[in-house]
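Colleague: Residue numbering for the sequence shown follows the UniProt record's numbering, starting at 1 and increasing by one per position.
My questions will all concern the structure given below.
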Amino acid sequence: MMDDDIDFDEAAQLSNSDGQEYGASRTPLDAPIGSLREKWRVLPHFLKLRGLMKQHIDSFDHFVSVEMKQIVQSPSACEIRSDYDPKFYLRYTDCWVGEPSIDEDAYATTQATPFQCRLRDCTYSAPIYVNVRYTRGRQIVVKKKVMIGRMPIMLRSSKCLLKDKSERELAQMKECPYDPGGYFIVKGVEKVILIQEQLSKNRVIIEEDSKTRCVSASITSSTRERKSKAYIFIKNGRLFLKHNTLAEDVPICVAIKAMGVESDLEFVQSVGSEPEVMDALALSLEEPTRLGIVTQKHALRYIGMKMRAKSALASGKGGTYVTRRLSPEDEARDVIANVVLSHVPVVNFDFTAKVIYVGHIVRRLVMVQLGKSSLDDKDYYGNKRLELAGSLLSLLFEDLFKHLNADIKKQTDMVLSKPNKTQAFDVIKTIRPDSIAYGMMSAISSGNWVLKRFRMDRAGVTQVLSRLSYIGALGMMTRVNSQFEKTRKVSGPRSLQASQWGMLCPADTPEGEACGLVKNLALLAHITTDAEPGPVERLCRDLGVEDVCLLTGHEIHSRHSYLVLLNGLILGVHTRPFWLVKSLRSLRRQGQMGEFVSVYLHDGQKAVHIATDGGRVCRPLVIVDEKTSLPRLKQVQIEGLALGTVHIKDLLRQGVVEYIDVNEENNCLIAVTERELEVRRSSMDQYLKEGRKMDWMSYTHLEIDPMTLLGVVAGLIPNPHHNQSPRNTYQSAMGKQAIGTVAINQYSRFDGTLYTMIYPHKPMVKTRTLDLVNFDNIPAGQNACIAVMSYSGYDIEDAVVLNKASIDRGFGRCMVLKKSQTSVRRYQNGCLDRTCGPPTPLPFRMEKTTSVTQNTVESTRMVCAWLASCLIMAQ
1 MMDDDIDFDE
11 AAQLSNSDGQ
21 EYGASRTPLD
31 APIGSLREKW
41 RVLPHFLKLR
51 GLMKQHIDSF
61 DHFVSVEMKQ
71 IVQSPSACEI
81 RSDYDPKFYL
91 RYTDCWVGEP
101 SIDEDAYATT
111 QATPFQCRLR
121 DCTYSAPIYV
131 NVRYTRGRQI
141 VVKKKVMIGR
151 MPIMLRSSKC
161 LLKDKSEREL
171 AQMKECPYDP
181 GGYFIVKGVE
191 KVILIQEQLS
201 KNRVIIEEDS
211 KTRCVSASIT
221 SSTRERKSKA
231 YIFIKNGRLF
241 LKHNTLAEDV
251 PICVAIKAMG
261 VESDLEFVQS
271 VGSEPEVMDA
281 LALSLEEPTR
291 LGIVTQKHAL
301 RYIGMKMRAK
311 SALASGKGGT
321 YVTRRLSPED
331 EARDVIANVV
341 LSHVPVVNFD
351 FTAKVIYVGH
361 IVRRLVMVQL
371 GKSSLDDKDY
381 YGNKRLELAG
391 SLLSLLFEDL
401 FKHLNADIKK
411 QTDMVLSKPN
421 KTQAFDVIKT
431 IRPDSIAYGM
441 MSAISSGNWV
451 LKRFRMDRAG
461 VTQVLSRLSY
471 IGALGMMTRV
481 NSQFEKTRKV
491 SGPRSLQASQ
501 WGMLCPADTP
511 EGEACGLVKN
521 LALLAHITTD
531 AEPGPVERLC
541 RDLGVEDVCL
551 LTGHEIHSRH
561 SYLVLLNGLI
571 LGVHTRPFWL
581 VKSLRSLRRQ
591 GQMGEFVSVY
601 LHDGQKAVHI
611 ATDGGRVCRP
621 LVIVDEKTSL
631 PRLKQVQIEG
641 LALGTVHIKD
651 LLRQGVVEYI
661 DVNEENNCLI
671 AVTERELEVR
681 RSSMDQYLKE
691 GRKMDWMSYT
701 HLEIDPMTLL
711 GVVAGLIPNP
721 HHNQSPRNTY
731 QSAMGKQAIG
741 TVAINQYSRF
751 DGTLYTMIYP
761 HKPMVKTRTL
771 DLVNFDNIPA
781 GQNACIAVMS
791 YSGYDIEDAV
801 VLNKASIDRG
811 FGRCMVLKKS
821 QTSVRRYQNG
831 CLDRTCGPPT
841 PLPFRMEKTT
851 SVTQNTVEST
861 RMVCAWLASC
871 LIMAQ
């Protein structure tokens, strides 16, 4: 056979995208996977497990099932007391969300489906119920299922009626089985909460001011109660602390003395005892002496006098401020304990953990100043967190819930302050459910998130879901919005980062001022939700992590000691960091730890970072065996997935596949293809034969498939590696505009404007992503066949020349459906409006000025309007 001949049997096998056809492989079952064709068969099972919009749905489910209960039962919100009656109290004991429903009137409620809400311009929402315990006169009353508001429900979430429904059941509910969900229906309009990109909270970012060349560390502390930002920076060789509660910058050594560390030697040991470190701290240590500050009381008085006018925290009001009532010393102590670096816990004014944390920040600053460490990159994607619908709704619900409690307290005090009461006061009557319901619907409908407590004022958080095409809707659901100003001409946030490999699509970004700021997730990218750090902390203690509060500064910064940080907080110290990291990863691969827990070793900082927080982007990779350099994914597991005897979760528990986030990728060497593993194995064998020592890192992971590096939209481009890079970007934007079939239920929808193609075609050239996103079942566009073409192109530079005969026969014919509304009234004199069918067209006459075509068009319009009116009346 010649080199350019085609083996049609092999070509037929490669062109077949059905995974079950690949099961006819003759390789041994215990052999590693050997080709991309076999490895691709894992992907449908991953997408079947998590779906295309799994990150949105998981985030909302976590909010409804976990975060909402934590907000209602938090110490600052779970109980309401009265200023006039010390015996009165209202305590929330439980909170949950009911089933979606529509309130017909004050007494009637019907079950709601998404189709009904679209048709009737209603909100697809469910009631929020609580169990309360309160006093009524001299009685203690327990009341269950008290409604405090309504929550818009995300489609396909755990609270949605479409959850786990079969295709037949979805058809009966007039829903499209290919609709991925992940959006809301508010007042009949489909709204999606876009993914928001933010800098990570509770992490230290070392940066340098381009103008002053001043090196500073910024820490954004975020807790359930408050959010604030602190800076520690070097100015003229001295270290200062900056915070918005302080009118002036405070020397760092004064702040340390205010935390109870009066000995300079103890502070120096918490930073490091190297000679160069001590020299860098010399000028800072002189500042307290120059200011006459020796004891903790002196330091607290100094900080208290530097504070702004309104800075004393009001207890239980979630970060609001009141006029000063405390002495300067007590006020400064409260602010240092609860506001400055508030994510570091302080119990009974024991500042030991906070002093060690400040020492760690100062050490990093000094190492950067000495040139022994590098600056942090704010555009590095390991320093980013993505906010999903769950976290944004959590902030909104907490704000609305505290406003509801404040209103209940106000009404209660107003009633109890009256001396003569004819009957016992029932606090349940003061609860206004419409407060939370209106706040939720207003925020999602307008897209404005305004939270004064967190100083949050964002616009455009939600957008109307694009229904121009099916792919356009999928692309919008995976869009990532940056908070960076689009008008600023800075290349850093717009450029393609190496850390975005496999997490974000390199091709799908808009043109113009939003280029690089609006991005899209890759096909297998997953966004984590918050996990409880308690089990991981106990596991680290069992593995030998020593409590940092029980060690001296000399022991913390000894030669073999590595800090262990959990979600940015210093957990302890370990002297065998490589063994610790290996043990934690081994436990994760056995299912003893959460599958999304990240373990990352940073030699430059001498630290082991463990992360369980939400918003991290991660992706699945095949683990490569450390000894044999062979993938752990075997042929028998591929066959088991095809037969249904093996589940993807089994591969995660067996240590075959694991999720890796951006930070942990720094400890990995990932092979894109099996060919790279083969080359490395042959090189290793050659080195072993020659007796030479290998000085390179062995491969740790293997990509499931290179196509997963692209997003949903860019994955539909055939042979993208043969295109110029901007062409893939252009096609990613134009592919969303292809008119075709929006959804299977498109003729039952009542969108404002709906475009549908009369003769949509399946594409002749397919990609594997096309089958995964079901685009083959609801396609867009037509296959244009060119038989004869003008050589010169009629001297037209940039245009499309179409054949009139093809257009006459229906090529590219599109139907536009528009919704029109009318009202049917009943008048006082007994007359009423009624809908009826279109009038019969007049007989054909040549002398008539109105043509038959015009009559036909008008008749068609009236038929559509009549059908719409009948459907509305039936509902």
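All C-beta atoms, glycine included, are put in the ideal place defined by N, C-alpha and C.
Spell out the partners DSSP gives residue 131 in its beta bridges.
Modeller: Indexing the sequence shown from 1 puts residue 131 at position 131. BP columns for residue 131 point to 94.
Colleague: Given this structure, state the Cα-to-Cα distance separating residue 548 from residue 202, to the nearest angstrom.
Modeller: Mapped onto the sequence shown, residue 548 falls at position 548. Mapped onto the sequence shown, residue 202 falls at position 202. Cα to Cα, the separation comes out at about 18 Å.
Colleague: On the three-state DSSP scale, how would you describe residue 679?
Modeller: The residue labelled residue 679 in the question sits at position 679 within the sequence shown. Helix at residue 679.
Colleague: Does DSSP put residue 548 in a helix, a strand or coil?
Modeller: Mapped onto the sequence shown, residue 548 falls at position 548. Correct three-state label for residue 548: helix.
Colleague: Let me know the secondary structure DSSP gives residue 138 once reduced to three states.
Modeller: Counting from 1 along the sequence shown, the entry for residue 138 is found at position 138. DSSP places residue 138 in coil when its eight states are reduced to three.
Colleague: Using the Cβ count rule (16 or more neighbours within 10 Å means buried), how would you classify residue 631?
Modeller: Residue numbering aside, residue 631 sits at position 631 when the sequence shown is read from its first letter. It is buried - the Cβ of residue 631 has at least 16 other Cβ atoms within 10 Å.
Colleague: With which residues is residue 109 paired in a DSSP beta bridge?
Modeller: Here residue 109 corresponds to residue number 109 of the sequence shown, with the count starting at 1. Answer is 103.
Colleague: Residue 469 and residue 739 - do their beta-carbons sit closer together than 8 Å?
Modeller: Position 739 of the sequence shown holds residue 739. Position 469 of the sequence shown holds residue 469. Yes, these two residues count as a Cβ contact at 8 Å.
Colleague: May I ask you to list the residues that DSSP assigns as paired with residue 750?
Modeller: Walking along the sequence shown from the start, residue 750 turns up at place 750. Note: residue 750 sits in no beta bridge, so no partner.
Colleague: Which residues does DSSP pair with residue 917 in a beta bridge?
Modeller: Limits of the chain in this structure are 1 at one end and 875 at the other, which puts residue 917 out of reach.
Colleague: What residue range is occupied by the uninterrupted beta strand (DSSP E) comprising residue 384?
Modeller: Numbered from its first residue, the sequence shown carries residue 384 at position 384. Counting along the chain, the beta strand (DSSP E) containing residue 384 begins and ends at 384-387.
Colleague: Near residue 616, what residues of its chain come up, given a Cβ to Cβ distance below 6 Å and the 5 sequence neighbours on each side ignored?
Modeller: For the purposes of this step, residue 616 is identified with residue 616 of the sequence shown, where counting begins at 1. Cβ within range, chain order: 528, 661.
Colleague: Residue 228 and residue 339 look like a contact to me (Cβ under 8 Å); what is the Cβ gap, rounded to whole Å?
Modeller: Reading the sequence shown from its first residue, position 228 is the one you call residue 228. Reading the sequence shown from its first residue, position 339 is the one you call residue 339. Right, their Cβ atoms sit about 6 Å apart.
Colleague: Less than 7 Å between C-beta atoms, sequence neighbours within five positions excluded: which residues of the same chain meet that for residue 607?
Modeller: Translated into the one-based positions of the sequence shown, residue 607 becomes position 607. Closer than 7 Å at Cβ, skipping near neighbours: 562, 563, 565.
Colleague: For a test of the three-state rule: what should DSSP assign to residue 728, helix, strand or coil?
Modeller: Sequence index remark: in the sequence shown, residue 728 carries index 728 (1-based). Note: residue 728 maps to helix in three-state DSSP.
Colleague: What do you get for residue 797, buried or exposed, if any count of 16 or more other CB atoms within 10 angstroms of its CB means buried?
Modeller: What you label residue 797 is simply residue 797 of the sequence shown in a count that begins at 1. Label assigned to residue 797: exposed.
Colleague: Terminal residues of the continuous alpha helix (DSSP H) containing residue 352?
Modeller: Taking the sequence shown and counting its residues from 1, one reaches residue 352 at position 352. Looking at the DSSP string, the run of the alpha helix (DSSP H) that includes residue 352 is 352-369.
Colleague: For residue 259, I'd like the list of residues in its chain whose CB is within less than 7 Å of its CB, leaving aside the five on either flank, ordered along the chain.
Modeller: As a first step, residue 259 must be located in the sequence shown, where it is residue number 259. Closer than 7 Å at the Cβ level, and outside the excluded window around residue 259, lie 336, 351, 354, 355.
Colleague: Beta strand (DSSP E) containing residue 197: first to last residue?
Modeller: Counting from 1 along the sequence shown, the entry for residue 197 is found at position 197. Per DSSP, residue 197 belongs to the beta strand (DSSP E) from 195-199.
Colleague: Taking Cβ positions, are residue 713 and residue 732 nearer each other than 8 Å?
Modeller: Stepping through the sequence shown from its first residue, residue 713 is reached at position 713. Stepping through the sequence shown from its first residue, residue 732 is reached at position 732. Against a cut-off of 8 Å, the Cβ pair of residue 732 and residue 713 comes out as a contact.
Colleague: Compare the C-alpha of residue 504 against each of 495, 244, 511 and name the closest.
Modeller: The count along the sequence shown starts at 1 and reaches residue 504 at position 504. Ranking 495, 244, 511 by Cα distance to residue 504 puts 495 first.
Colleague: Short check: CB of residue 383 to CB of residue 196, under 8 Å?
Modeller: By one-based count along the sequence shown, residue 383 stands at place 383. By one-based count along the sequence shown, residue 196 stands at place 196. Against a cut-off of 8 Å, the Cβ pair of residue 196 and residue 383 comes out as no contact.
Colleague: What did DSSP end up calling residue 231 once you bin it into helix, strand or coil?
Modeller: Sequence index remark: in the sequence shown, residue 231 carries index 231 (1-based). Strand at residue 231.
Colleague: Mind checking which residues open and close the beta strand (DSSP E) that includes residue 519?
Modeller: Here residue 519 refers to the residue found at position 519 of the sequence shown. Per DSSP, residue 519 belongs to the beta strand (DSSP E) from 518-520.
Colleague: Alpha carbon to alpha carbon, what distance is there between residue 836 and residue 825?
Modeller: One-based indexing of the sequence shown puts residue 825 at position 825. One-based indexing of the sequence shown puts residue 836 at position 836. Rounded to whole angstroms, residue 825 to residue 836 spans 14 Å at the Cα level.
Colleague: Under 8 Å, do residue 378 and residue 205 count as touching if we go by C-beta distance?
Modeller: Taking the first residue of the sequence shown as position 1, residue 378 is located at position 378. Taking the first residue of the sequence shown as position 1, residue 205 is located at position 205. Cβ atoms of residue 378 and residue 205: closer than 8 Å.
Colleague: Using the Cβ count rule (16 or more neighbours within 10 Å means buried), how would you classify residue 877?
Modeller: A question about residue 877 goes unanswered here, because the residues of the chain that appear run from 1 up to 875.
Colleague: DSSP state of residue 610, grouped into three classes?
Modeller: Numbered from 1 along the sequence shown, position 610 holds the residue referred to as residue 610. The answer is strand: DSSP assigns residue 610 an E or B state.
Colleague: Per the DSSP calculation, residue 243 is bridged to which residue(s)?
Modeller: Within the sequence shown, numbered from 1, the residue matching residue 243 stands at position 243. For residue 243, which the question treats as bridged, DSSP gives the partners 230.
Colleague: Considering only residues of the stretch 421-494, which uninterrupted alpha helix (DSSP H) runs meet the minimum length of 4 residues and lie entirely inside it, listed in chain order?
Modeller: Counting whole runs of 4 or more residues, the stretch 421-494 contains the alpha helix (DSSP H) stretches 433-446, 470-477.
Colleague: Below 8 Å on the Cβ atoms is my contact criterion, and I expect residue 716 with residue 770 to pass it. Report the Cβ-Cβ distance as a whole number of Å.
Modeller: Locating residue 716 in the sequence shown gives position 716, where the first residue counts as 1. Locating residue 770 in the sequence shown gives position 770, where the first residue counts as 1. Right, the Cβ-Cβ distance comes to about 6 Å (below 8 Å), so this counts as a contact.
Colleague: For the structure I just gave you, are there three or more beta carbon pairs, one from the stretch 117-127 and one from the stretch 169-185, closer than 8 Å?
Modeller: The stretch 117-127 is in contact with the stretch 169-185.
Colleague: Pull up the distance between the alpha-carbon of residue 91 and that of residue 67, whole angstroms please.
Modeller: Here residue 91 refers to the residue found at position 91 of the sequence shown. Here residue 67 refers to the residue found at position 67 of the sequence shown. The alpha-carbon atoms of residue 91 and residue 67 are separated by roughly 18 Å.
Colleague: Following the continuous beta strand (DSSP E) through residue 602, name the residue where it begins and the one where it ends.
Modeller: In the sequence shown, counting from the first residue as 1, residue 602 sits at position 602. Element bounds for residue 602: 598-602.
Colleague: Check this for me: beta carbons of residue 100 and residue 477, under 8 Å apart or not?
Modeller: One-based indexing of the sequence shown puts residue 100 at position 100. One-based indexing of the sequence shown puts residue 477 at position 477. No. Outside cutoff.
Colleague: Could you tell me which of 192, 424, 407 sits nearest to residue 430, measuring between CA atoms?
Modeller: Within the sequence shown, residue 430 is the residue found at index 430, counting from 1. Nearest option by C-alpha distance: 407.
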